[in-house]
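Each protein sequence line maps, in turn, to chains V and B. Numbering (the working numbering) for the first sequence: 1307 to 1418. Numbering (the working numbering) for the second sequence: 168 to 278. We treat Cβ as the ideally placed atom computed from N, Cα and C, and that holds for glycine.
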Amino acid sequence: DTAVSQTPKYLVTQMGNDKSIKCEQNLGHDTMYWYKQDSKKFLKIMFSYNNKELIINETVPNRFSPKSPDKAHLNLHINSLELGDSAVYFCASSPGLVDTQYFGPGTRLTVL
Amino acid sequence: AQSVAQPEDQVNVAEGNPLTVKCTYSVSGNPYLFWYVQYPNRGLQFLLKYITGDNLVKGSYGFEAEFNKSQTSFHLKKPSALVSDSALYFCAVRDNYQLIWGAGTKLIIKP
């Protein structure tokens, strides 16, 4: 039983393309997050949703747009991909705001 | 602003020896502190957290952490290291509605 799942696991694409990453959690949690982990393994929060409402929107290029169709899903759409977008993107969820977070397996995005 | 520091990029320990991974924090108010572990090519996994109560917190896989308010530290410890403990360890502190993450410490356990 996968708690937090992400698709795809790997994503290789050309500069300028638009791509989406999907995240689903079956834990019944109210809060979901997107993180970016760079090549040095540094973790940066990008977005946080609580009950489908945007709570955190860090300084992220507006090419990145999250969408939460319901509490169990938080998708990430990226327009006009750039080389610097190459990273591992993690989805996470928690029961409430700043409770213990449960992470998905990550999506490794490579922009060529 | 809240912050957390992991002063060591890498810690090397022989199997069977005790291990310590260091974390210091700076917060206003009472700290909520977390430790997570990341195995290669995997997502982060929760190990333990301190919110209030006993200064010694026990977590998963035999790990524990000691909260020290006077030294503003929350070091992760294990009495006897296993090779399978080799991974990347992150300390984090609560800041309003998000966690502030340390840069991570790579733990290498040698047989």
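task: Please list the partners that residue 1347 of chain V has in chain B, where partner means a Cβ-to-Cβ separation under 7 Å.
output: Going along chain B in sequence order, the residues near residue 1347 of chain V (Cβ under 7 Å) are 255 and 271.
field: Residues that residue 217 of chain B contacts on chain V, provided the C-beta gap is smaller than 8 Å
entry: Ordered by position in chain V, no residue passes the 8 Å Cβ test against residue 217 of chain B, which lies about 12 Å from the chain.
message: Three or more C-beta pairs under 8 Å: does that hold for the region 251 to 267 of chain B against the region 200 to 214 of chain B?
response: Contact between the region 251 to 267 of chain B and the region 200 to 214 of chain B is present, because at least three Cβ pairs lie under 8 Å.
message: Between which two residues does the beta strand (DSSP E) holding residue 260 of chain B run?
response: 254 to 262
field: Paired residues, beta bridge with residue 277 of chain B - DSSP
entry: B/181
- request: Could you check if residue 1391 of chain V is buried or exposed, using at least 16 other CB atoms within 10 Å of its CB as the buried criterion?
  value: buried
task: Entirely within the region 1337 to 1414 of chain V and at least 3 residues each: give me those beta strand (DSSP E) ranges in chain order.
output: 1337 to 1343, 1349 to 1356, 1359 to 1363, 1370 to 1376, 1379 to 1384 and 1393 to 1400
query: Going along chain V, which residues have a C-beta under 7 Å from residue 210 of chain B?
result: 1396, 1409, 1410, 1411 and 1412
message: Since residue 1371 of chain V and residue 1379 of chain V should fall inside the 8 Å C-beta cutoff, what is the C-beta to C-beta distance between them, to a whole number of angstroms?
response: So it is not a contact: roughly 14 Å between Cβ atoms.
query: For the putative contact between residue 264 of chain B and residue 1362 of chain V, defined by C-beta atoms under 8 Å, what is the C-beta separation to the nearest angstrom?
result: 6 Å
query: Any chance the region 1348 to 1362 of chain V sits against the region 1405 to 1413 of chain V, with 3 or more Cβ pairs inside 8 Å?
result: No contact exists between the region 1348 to 1362 of chain V and the region 1405 to 1413 of chain V.
message: Which of the three DSSP states is assigned to residue 224 of chain B in this structure?
response: Three-state result, residue 224 of chain B: strand.
task: Show which residues of chain V have a CB atom less than 9 Å away from the CB atom of residue 265 of chain B.
output: 1339, 1351, 1354, 1361, 1362, 1364, 1403 and 1404
field: Beta-carbon proximity list for residue 174 of chain B, same chain, < 6 Å, skipping 5 on both sides
entry: When the five nearest sequence neighbours on each side are left out, the beta carbons in the same chain lying within less than 6 Å of the beta carbon of residue 174 of chain B are those of 189, in order along the chain.
field: Test item: CB-CB of residue 1414 of chain V and residue 1394 of chain V under 9 Å
entry: Closer than 9 Å, so yes.
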